Amino acid sequence: MTPLTGLTLKNIKKSYGKTEVLHGIDLEIELGEFIVFVGPSGCGKSTLLRMIAGLDDITSGDLFIEGANVNEIPPAMRGIAMVFQTYALYPHMTVYDNMAFAMRIAKEDKATIDERVTRTAEMLQLSEYLQRLPKALSGGQRQRVAIGRAIVRDPKVFLFDEPLSNLDASLRVQMRIEIANLKETMKNTTMIYVTHDQVEAMTLADRIVVLSAGKIEQVGTPLELYGKPANLFVGQFIGSPAMNIFNAELLGAGQNTRIKTKNGNEFVIPIVSSMNIEHQILTVGVRPEDFSLSDKANCMLSGKIIFVESLGEVTLLHLDSNESKEPLVVKLPGIINQQKGEEIYLKADLEKTHLFNKDGISLLYL
Amino acid sequence: MAASKSTEKIQSNRLLLSLHQLRRSPLMLLVHLTVLLLVLLWTIPTAGLLISSFRDKDQLAVSGWWTALSASEQNIIGRTAALDQQTLTDGKYVLSGKIAGFNEQDSILRFGWKSREPEAYQVGTVAEMKNGGTLKVESDGQYTMTSATPFTGSRGKRIFYTALAAPKFSLANYNEVLRSEGIGRSFLNSLTVTIPATIIPILIAAFAAYALSWMRLPGRSLLIALVVGLLVVPLQMSLIPLLQLYNTIGGFFGVGAKTYLGIWLAHTGFGLPLAIYLLRNYISSLPKEIIESARVDGATDFDIFVRIVLPLSFPALASFAIFQFLWVWNDLLVATVFLGNGENELVLTGRLRELLGSRGGNWEILTASAFVSIAVPLTVFFTLQRYLVRGLLSGSVK
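Chain order of the listed sequences is G and D.
Read in this note's numbering, the first sequence has 252 at position 252, and its numbers run on one by one without any break.
Read in this note's numbering, the second sequence has 715 at position 349, and its numbers run on one by one without any break.
In structure tokens form, the structure reads like this:
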């Protein structure tokens with residue numbers, strides 16, 4: 001069976017007055033796929049979600065849900081359900097009434113409502129709270145009610161708008177697992193999840209859409225984004241602590257790329273490059289965990305330790321480097337016995353070193 | 367610091383002690399004292415009015431309500447038994463018994479038999495009457511009247527006495543004002559005006575407030591500005607033009623001038639700007655997500671209004687209902703202009719004004735009437751105040 005399209009976005013734009021906030025989004029989402037929108041605050045990810053929900057107008061472009069154009073269709077008719085960041089429960093209704101609200105509006109018969117609410121409540125372990133008001137529930141329970149309210153509608157597309165950001169850390173982990181389980185049980189429901197927490201994005205998503213300033217930067221599986229970021233923005237946005245970047249000169253292009261860092265040492269990176277950018281200055285990106293200690297003669301970078309974070313399983317060293325304007329962060333396994341103020345020398349795993357041209361585009365994607 | 371120290375000096379030791387116990391700042395104490403003062407300022411006159419309205423009208427006329435529980439001196443006129451009940455004992459005609467109309471709880475201090483000297487004799491002494499007769503009155507109301515010649519006439523003789531009257535409370539004043547003074551009828555008239563004049567503007571304003579908060583319509587902000595502008599239009603300015611307009615249009619539809627319909631519409635109109643303004647402020651502050659969530663759930667604007675916004679707006683609706691009810695209930699001006707003076711139309715305020723003119727000296731009538739007119743606003747306030755709750759939205763967001 002060929003996968004059906006769940007959602008198609010064609011050149012979707014959004015303007016508030018004269019300010020354009022989304023500059024043409026094109027995206028195909030397969031049926032049953034779990035898509036996560038991530039991006040910094042103000043990148044337009046929530047706006048995009050609200051446009052899919054029908055809560056905000058689409059300024060231009062077309063939106064298809066399972067093949068049908070839904071641009072002018074009101075939210076309720078789109079077959080979507082949405083979970084809001086702030087839960088948005090109806091405070092004067094019991095959990096049962098909250099979950100039954102949509103079906104009552106749709107004038108379903110009582111038995112159906114009862115059956116579906118009861119089943120959903122069981123699934124979410126809410127059975128014993130059905131007669132409570134939202135104010136008598138904990139944060140996690142409230143969020144489960146909000147999710148339950150969406151599930152009972154049996155939507156084609158499930159929309160989550162930062163559903164976990166109001167919960168405390170341990171609850172967040174727990175709810176993340178519950179959402180992952182939910183995804184397993186609802187295989188034919190497309191889910192779109194907005195978050196700024198990249199851990200949520202990496203753990204939940206089939207594919208991640210990285211947005212920045214109203215544009216899609218890259219779409220891919222979590223490991224694609226981590227391993228092969230298309231540009232500097234994605235490279236730095238995905239992964240924590242962020243990828244270290246510094247400049248190096250491209251000496252030799254070809255099947256492999258030869259670069260020279262500021263300290264004069266040369267390295268051969270297994271990335272294809274074209275001749276016409278030879279002798280340009282490239283940006284090199286190395287993730288903190290891809291560094292290892294080295295000696296002065298073979299080092300890619302060197303720097304003075306300005307801060308040590310010993311976490312037990314790993315040690316984070318913050319360096320004031322000679323080769324980079326920004327402080328470097330190095331993640332070394334185990335406990336490292338280095339003191340503040342010491343000078344250390346680092347080499348990078350060349351297989352995992354990223355190269356970006358002067359426009360910030362990865363050489364892999366040129 | 368100096369101010370707080372001097373304040374503390376004034377406080378009694380006990381207050382000082384509780385100040386330390388509660389660890390409250392002097393400012394807090396000041397706030398509490400002020401509140402206490404305000405409560406007293408409001409309660410004392412009301413309590414006085416309430417007590418007075420239950421007192422006997424003669425006692426009310428001579429002493430203040432704070433003496434209501436102690437006995438008071440009163441000048442009373444009583445009569446002996448009918449004169450044909452006299453007996454002839456030892457050559458003297460004697461008439462004795464209890465003064466008619468004497469209250470058993472009273473005790474007589476002084477008495478007299480002439481209207482010019484009503485307190486001439488101490489109780490227990492013998493008063494010389496004309497024609498050699500004597501009159502003796504005991505403090506418990508027993509009298510003995512003797513005379514050498516038979517008493518003539520049929521009615522009993524008047525006895526003037528000053529009694530220490532025991533406090534008397536009764537519902538007699540209420541009985542009187544509700545039945546014979548027309549307060550009862552006016553009370554119903556006032557309710558007839560007030561209840562619709564409260565409900566109609568709330569209904570209209572709630573719809574308007576929802577639309578002005580959550581529905582996209584052209585010129586919405588202009589409409590809001592207009593409503594705010596109407597808030598400051600003085601009622602007096604629009605009174606007469608409005609009456610003329612109403613009479614013309616009413617005449618066209620065959621509705622007479624000075625009817626209940628007119629005053630309902632007038633109060634609705636005067637109440638609407640404030641109602642819309644208050645309710646819009648409240649309704650637009652409801653969390654946007656709740657409304658959007660309902661919209662995603664398939665609710666129409668009407669569904670959202672009825673099932674979500676109305677139940678959540680109870681505090682605002684209740685507070686405006688209290689406002690509007692009190693204002694309409696206490697209104698005299700609009701009622702005078704828009705409603706007739708007949709028995710079936712005169713509202714309580716109008717009736718009170720009439721009573722002030724015709725029965726201005728009768729405190730028992732005025733106090734009872736006043737309390738009848740206070741009772742309803744108080745009931746309304748205490749019924750609705752339980753809806754003035756905070757935390758109605760808790761559990762919805764965050």
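Using N, Cα and C, we set each Cβ at its ideal position, and we do this for glycine too.
It should be emphasised that the depicted structure is a prediction, and the values quoted were computed from it without experimental measurement.
{"Asked": "Identify the residues that DSSP records as bridge partners of residue 258/G: which are they?", "Found": "252/G, 268/G"}
{"Asked": "Report the residue ranges of all beta strand (DSSP E) runs contained in full by the stretch 438-508 of chain D; include only those spanning at least 3 residues, in chain order.", "Found": "438-445, 453-455, 458-464, 473-478, 492-494, 500-503"}
{"Asked": "Measure from the alpha carbon of residue 366/G to the alpha carbon of each residue in 164/G, 227/G, 273/G, then state which is nearest.", "Found": "273/G"}
{"Asked": "Would you identify the three-state DSSP class for residue 511/D, choosing helix, strand or coil?", "Found": "strand"}
{"Asked": "Contact criterion: CB-CB distance below 8 Å. Does residue 51/G meet it with respect to chain D?", "Found": "no"}
{"Asked": "So, using beta-carbon positions, are residue 346/G and residue 310/G closer together than 8 Å?", "Found": "no"}
{"Asked": "Hey, is residue 243/G's beta-carbon within less than 8 Å of any beta-carbon in chain D?", "Found": "no"}
{"Asked": "Which partner residues does residue 348/G have in the DSSP bridge list?", "Found": "291/G"}
{"Asked": "So what does DSSP say about residue 99/G, is it helix, strand or coil?", "Found": "helix"}
{"Asked": "Rank 130/G, 85/G, 28/G by C-alpha distance to the C-alpha of residue 653/D and give the top, closest one.", "Found": "85/G"}
{"Asked": "Quick check: what's the CA-CA separation for residue 605/D versus residue 626/D?", "Found": "16 Å"}
{"Asked": "Which first and last residues belong to the beta strand (DSSP E) in which residue 310/G is found?", "Found": "301-310"}
{"Asked": "Who are the neighbours of residue 422/D on chain G, taking C-beta pairs under 8 Å?", "Found": "Per Cβ cutoff of 8 Å: no residues; residue 422/D is ~52 Å from chain G at best."}
{"Asked": "Any C-beta of chain G sitting closer than 8 Å to the C-beta of residue 679/D?", "Found": "no"}
{"Asked": "Throw me the rounded Cβ distance for the residue 687/D and residue 564/D pair, which I believe falls under 8 Å.", "Found": "6 Å"}
{"Asked": "Taking Cβ positions, are residue 228/G and residue 290/G nearer each other than 8 Å?", "Found": "no"}
{"Asked": "Just the C-alpha distance for residue 471/D and residue 714/D, rounded to the nearest angstrom, thanks.", "Found": "37 Å"}
{"Asked": "I'd like the list of long-range same chain contacts for residue 1/G, defined as Cβ closer than 6 Å, with 5 residues on each side in sequence excluded.", "Found": "Summary for residue 1/G: the model assigns pLDDT 40, below 50, so the residue's position carries little reliability, and this model does not support an answer."}
{"Asked": "Short of 7 Å Cβ to Cβ, which residues in the stretch 538-551 of chain D face chain G?", "Found": "none"}
{"Asked": "At the 8 Å Cβ level, is residue 650/D part of the contact set with chain G, yes or no?", "Found": "no"}
{"Asked": "List the residues of chain D that residue 90/G touches, going by C-beta distances under 9 Å, in chain order.", "Found": "656, 659, 660, 673, 674, 677, 678, 762"}
{"Asked": "Does residue 32/G come out as helix, strand or coil in the three-state DSSP assignment?", "Found": "coil"}
{"Asked": "Pick out whichever of 23/G, 30/G, 240/G, 92/G has its Cα sitting closest to the Cα of residue 61/G.", "Found": "23/G"}
{"Asked": "Taking all protein chains shown into account, do 16 or more other C-beta atoms lie within 10 angstroms of the C-beta of residue 752/D, making it buried, or fewer, making it exposed?", "Found": "exposed"}
{"Asked": "Thinking C-alpha only, which one of 527/D, 456/D, 482/D is nearest residue 468/D?", "Found": "527/D"}
{"Asked": "Does residue 16/G pass the burial test, meaning 16 or more other C-beta atoms within 10 Å, or should it be called exposed?", "Found": "exposed"}
{"Asked": "Comparing the C-beta of residue 37/G with each C-beta of chain A, is any distance below 8 Å?", "Found": "Here the protein chains are G and D, and chain A is not one of them."}
{"Asked": "Pairs of beta-carbons, one from the stretch 689-706 of chain D and one from the stretch 636-646 of chain D, closer than 8 Å: are there three or more?", "Found": "yes"}
{"Asked": "In chain order, what residues of the same chain lie with their CB nearer than 8 Å to the CB of residue 745/D, ignoring the 5 residues before and after it?", "Found": "none"}
{"Asked": "Residues of chain D with CB closer than 9 Å to the CB of residue 105/G, please, in chain order.", "Found": "660, 663, 664, 665, 666, 669, 673"}
{"Asked": "Does the beta-carbon distance from residue 103/G to residue 116/G come in below 8 Å?", "Found": "yes"}
{"Asked": "Pick helix, strand or coil for residue 558/D, following the three-state DSSP scheme.", "Found": "helix"}
{"Asked": "Out of 252/G, 100/G, 328/G, 122/G, which one is the CA nearest neighbour of residue 113/G?", "Found": "100/G"}
{"Asked": "Strictly by DSSP, which residues pair up with residue 531/D?", "Found": "438/D"}
{"Asked": "Leaving out the 5 sequence neighbours to the left and right, which residues in its chain are closer than 6 Å to residue 579/D when beta-carbon positions are compared?", "Found": "646, 649, 650"}
{"Asked": "Alpha carbons only, please: which of 673/D, 459/D, 424/D is nearest the one belonging to residue 441/D?", "Found": "424/D"}
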